[in-house]
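A.B. asks: Supplied in structure tokens, the structure appears directly below.
Shown next as structure tokens:
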């Protein structure tokens, strides 16, 4: 038994997103544009999917995003720390330029696809294991007619999707990160392999505005 649809929704924008800083597990809330993004996407999600349940990372930016959908749908938010963003260790809070200045070799290797070593970061496989495990567990509590919305983070969602599709989290780089307040959709494939099918990726209401990161135009 599993939810008939799982929607993986990335949190809306924060000040660190706007300034290009690596957040990881730093607990920061949405900025003004992020609140608007979350409200706009929550309206679209509620109208499109009528969610049965909402589960969220326990980090504030995800909980705030999830709460706006819960307010619209009359659902409550269940939090799960396994849905947190990947920990980037000593790189958290820094821009790419700042990281490259202090760790040029490690940063170059990371940009070329290598895992992070020596900076206190989680490995890709560890993040994929905890996030995909959480999604499987929560989805198993619902049935084919249900839609589960899971609110998480950019790297966490990318790695979870990769694992749910039975692809190599160490070597496969076929997905870019979701835009803020955008989502991916998956359906269980029954006895087929892999057990989940990706039915949509980086979906959202962005086409309703000229610039998603500029905020409301009025």
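Residue numbers (the working numbering): 523 to 740.
Glycine included, each C-beta is placed from N, C-alpha and C at the ideal position.
Just to confirm, is the Cβ distance from residue 784 to residue 571 under 9 angstroms?
C.D. replies: Residue 784 is absent from the model: the chain starts at 523 and stops at 740.
A.B. asks: In whole angstroms, what is the alpha-carbon distance linking residue 551 and residue 557?
C.D. replies: Cα to Cα, residue 551 sits roughly 9 angstroms from residue 557.
A.B. asks: Excluding five sequence neighbours on each side, which residues of the same chain lie with their C-beta closer than 8 angstroms to the C-beta of residue 704?
C.D. replies: Closer than 8 angstroms at the Cβ level, and outside the excluded window around residue 704, lie 531, 532, 563, 724, 725, 726, 728.
A.B. asks: Counting pairs of beta carbons, one from the stretch 598–607 and one from the stretch 621–633, are three or more of them closer than 8 angstroms?
C.D. replies: Verdict: no, contact absent.
A.B. asks: Please list the segments of the alpha helix (DSSP H) lying wholly inside the stretch 588–629, counting only runs of 4 or more residues, in order along the chain.
C.D. replies: Listed in chain order, they are 618–624.
A.B. asks: Using 8 angstroms as the threshold, is the stretch 670–684 in touch with the stretch 635–655, meaning 3 or more CB pairs across them?
C.D. replies: Touching, yes.
A.B. asks: Hey, out of 733, 708, 702, whose CA is closest to residue 537's CA?
C.D. replies: Among 733, 708, 702, the Cα nearest to that of residue 537 belongs to 702.
A.B. asks: Between residue 713 and residue 625, what straight-line distance do the alpha-carbon atoms span, to the nearest angstrom?
C.D. replies: Each residue's Cα considered, the two are about 45 angstroms apart.
A.B. asks: Hey, would you say residue 544 sits closer than 9 angstroms to residue 618, going by beta carbons?
C.D. replies: Contact flag set, yes.
A.B. asks: Can you give, in chain order, each stretch of the beta strand (DSSP E) that sits fully within the stretch 657–683 and has at least 3 residues?
C.D. replies: As far as the stretch 657–683 is concerned, its whole beta strand (DSSP E) runs of at least 3 residues are 669–674.
A.B. asks: Looking at the structure shown, is residue 749 part of a helix, part of a strand, or coil, going by DSSP?
C.D. replies: The chain is shown only over 523 to 740; residue 749 falls outside these bounds and no answer can be derived.
A.B. asks: Among 546, 711, 661, whose alpha-carbon lies nearest the alpha-carbon of residue 610?
C.D. replies: The option with the nearest alpha carbon to residue 610 is 546.
A.B. asks: Would residue 684 and residue 696 qualify as a contact pair, given that the criterion is a beta-carbon distance under 9 angstroms?
C.D. replies: Cβ distance < 9 angstroms, so residue 684 and residue 696 count as in contact.
A.B. asks: Give me the Cα-Cα distance between residue 526 and residue 669, rounded to the nearest whole angstrom.
C.D. replies: Each residue's alpha carbon lies about 6 angstroms from the other.
A.B. asks: Quick one: Cα of residue 529 to Cα of residue 706, how far?
C.D. replies: Their backbone Cα atoms lie some 6 angstroms apart in a straight line.
A.B. asks: Shortest alpha-carbon distance to residue 612 belongs to which of 548, 561, 554, 553?
C.D. replies: With distances taken between Cα atoms, residue 612 lies closest to 548.
A.B. asks: For residue 653, tell me which candidate among 620, 606, 693 has the shortest Cα-Cα distance.
C.D. replies: Considering only alpha carbons, the answer is 606.
A.B. asks: Compute the minimum distance between the beta carbon of residue 593 and the heavy atoms of the ligand PLP, and state whether it is under 8 angstroms.
C.D. replies: You won't find the ligand PLP in this model; it holds no ligand whatsoever.
A.B. asks: Helix, strand or coil: how does DSSP classify residue 702 here?
C.D. replies: In this structure, residue 702 counts as coil in the three-state DSSP scheme.
A.B. asks: Identify every residue that forms a DSSP beta bridge with residue 530.
C.D. replies: Answer by DSSP bridge pairing, in chain order: 672, 706.
A.B. asks: So what's residue 722 in DSSP terms, helix, strand or just coil?
C.D. replies: Of the three classes helix, strand and coil, the one that applies to residue 722 here is strand, per DSSP.
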